[in-house]
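Just so you know, we're using numbering that gives the first Met the number 0 here: the sequence shown kicks off at 0 and counts up by one.
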Amino acid sequence: MPEISARDLLAFYMEAGVDCALSDEPTNRLTEAALEEKPASKPPLLRNAAPQPPRPIAELAPAPDLAIATARELAPQAKSLEELRALLEKFDGCALKSTATRLVFADGNPKAKFMLVGEAPGRDEDIEGLPFVGVSGKLLDLILAAIGLDRTGVYIANIIPWRPPGNRDPSPQETQICLPFIKRQIELVDPDVLVCLGKPSSQAVLELKDGIMKTRGKWHDYDTGSRTIRAMATFHPAYLLRQPIYKRLAWQDFRAIKKALAQSGVT
Ligand code: URA
0 MPEISARDLL
10 AFYMEAGVDC
20 ALSDEPTNRL
30 TEAALEEKPA
40 SKPPLLRNAA
50 PQPPRPIAEL
60 APAPDLAIAT
70 ARELAPQAKS
80 LEELRALLEK
90 FDGCALKSTA
100 TRLVFADGNP
110 KAKFMLVGEA
120 PGRDEDIEGL
130 PFVGVSGKLL
140 DLILAAIGLD
150 RTGVYIANII
160 PWRPPGNRDP
170 SPQETQICLP
180 FIKRQIELVD
190 PDVLVCLGKP
200 SSQAVLELKD
210 GIMKTRGKWH
220 DYDTGSRTIR
230 AMATFHPAYL
240 LRQPIYKRLA
250 WQDFRAIKKA
260 LAQSGVT
């Protein structure tokens, strides 16, 4: 058998999308001993603010139904964006929190009339704690500049505020657990125009069933809970980087968005 160096092995892991270590020692979570080690009682989903010692991932991931119910109950209780951020910092219902470096809550201007919602943070966002700061964020900044905006005039968040390990797609359960929080975030920001970037965001937030090619560029009514605003789905910048041919369709969408914003006094 050829000898494999630690460097080769690490390179293989990186290529396979494994780019973070959860602990120094490997753990086989499938052995009987590991299964028997489960704690007798379930942890609360909302911790005290005081730092907690690291806990095994299995313990940090409660039954999705319980986590979804808890999220639906907690999110509407936040009276401000600061309270919502603090709630998320303490919420232990989503296992992604245990593998992410930090919470990626939002960027931009909380008073903006234009809000964009992406899917989930990637590696750069996880490091910086801000959404859309990597390559797709750079393209988003260019698109915004093309309609005369920058981050002082928009508010940007994601459906999922923690980076999924290796940038894998968030599971449907993780999306359902995080959904009440982004919905409350939209209600608290109270924009006039909401834009969902990509299919996962438009499916989760706008409940659109079709793919982005069919749904993009059309206006929908979105009920924030306190009023109805205009909402549109368009391409995710990461998709545009892979399929630059669709930039011209994205440009059509953003011209329509600029028009809608002008009606709200954003020029
Ligand atoms: N992709 C997203 O959907 N959100 C980010 O914050 C970065 C990349």
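Quick reminder that beta carbons are idealized off the backbone N, C-alpha and C, glycines included.
Do you know whose CA, among Glu88, Leu80, Leu95, Ile146, lies nearest Pro63's CA? Ranking Glu88, Leu80, Leu95, Ile146 by Cα distance to Pro63 puts Leu95 first.
Quick one: is the Cβ of Gly107 within less than 7 Å of any heavy atom of ligand 1? Short note on Gly107: C-beta not closer than 7 Å to any heavy atom of ligand 1.
Between Asp191 and Arg229, how many whole angstroms is the CB-CB distance? I'm expecting something under 8 Å. Asp191 to Arg229, Cβ: 7 Å. Contact.
Looking only at its own chain, which residues have a Cβ that is under 7 Å from the Cβ of Thr151, when we skip the five neighbours before and after it? Counting only Cβ-Cβ distances below 7 Å, and skipping sequence neighbours, we find Asn108.
What residue range does the alpha helix (DSSP H) around Thr214 cover? Thr214 -> alpha helix (DSSP H) spans 211 to 214.
Could you check whether Ala156 and Ala105 sit closer than 8 Å to each other, using their CB atoms as the reference points? Inclusion of Ala105 and Ala156 in the CB contact set at 8 Å is warranted, their separation being smaller than that value.
Do you know how far the Cα of Leu87 is from the Cα of Gln175? Roughly 14 Å separates the two Cα atoms.
Give a yes or no on whether 8 Å exceeds the smallest Cβ distance from Asp140 to chain B. As a matter of chain content, chain B is missing from the structure shown, which is built from one protein chain.
Collapsed DSSP secondary structure at Asn157 in the structure displayed: When DSSP states are grouped into helix, strand and coil, Asn157 belongs to the strand group.
Here's the rule I'm using: 16 or more other beta-carbon atoms within 10 Å means buried, otherwise exposed. How should Lys198 be labelled? Under this definition Lys198 is a buried residue.
For Ala74, three-class secondary structure by DSSP: Of the three classes helix, strand and coil, the one that applies to Ala74 here is helix, per DSSP.
Does ligand 1 have a heavy atom nearer than 7 Å to the CB of Ala145? For ligand 1, not one heavy atom lies less than 7 Å from the Cβ of Ala145.
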